[in-house]
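Asker: Provided herewith is a single structure, encoded as structure tokens, for subsequent inquiry.
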Amino acid sequence: MASDGVEIPRELEEKVENLYFSEGPKPVTWDKVGKIKHVEVIDPYIEAVLSHVDQSLIQEKKL
């Protein structure tokens, strides 16, 4: 999934899968982990979906 919440191209997806399954994640000691970043994805995803649908029609049809 891309940073904007949509699917990545199949070609890139296969590249990521091949990298993961062939090499796998390499274990490291705790001091080599680096920084963990929390990324908020739910709100931007919802906003992106809502920007592509007719919200008033959905409300009108009570969906």
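Its first residue numbered 2, the sequence shown is counted upward by one per residue in the numbering used here.
The C-beta atom is built at its ideal place from N, Cα and C for all residues, glycine as well.
As the structure is a prediction and not an experimental result, all values here were calculated from the model.
Tell me which residue opens and which closes the alpha helix (DSSP H) that E12 is part of.
Answerer: Counting from one through the sequence shown, the residue named residue 12 turns up at place 11. E12 -> alpha helix (DSSP H) spans R11 to E24.
Asker: Would you tell me roughly how many angstroms separate the C-alpha atoms of V7 and I43, rounded to the nearest one?
Answerer: Taking the sequence shown and counting its residues from 1, the one referred to as residue 7 is at position 6. Taking the sequence shown and counting its residues from 1, the one referred to as residue 43 is at position 42. If you take the alpha carbons of V7 and I43, they lie about 12 Å apart.
Asker: What's the gap between the Cα of L58 and the Cα of L64?
Answerer: On the sequence shown, residue 58 is found 57 positions in, with the first residue counted as 1. On the sequence shown, residue 64 is found 63 positions in, with the first residue counted as 1. Cα-Cα distance, rounded: 9 Å.
Asker: Can you look up P28 in the DSSP assignment and give me helix, strand or coil?
Answerer: For this step, residue 28 is matched to residue 27 along the sequence shown. P28 falls in the coil class under three-state DSSP.
Asker: For I9, which residues of its own chain have a beta-carbon under 6 Å away from its beta-carbon, when the five flanking residues on both sides are left out?
Answerer: To locate residue 9, count along the sequence shown from 1; it is residue 8. These residues qualify, in order along the chain: A3.
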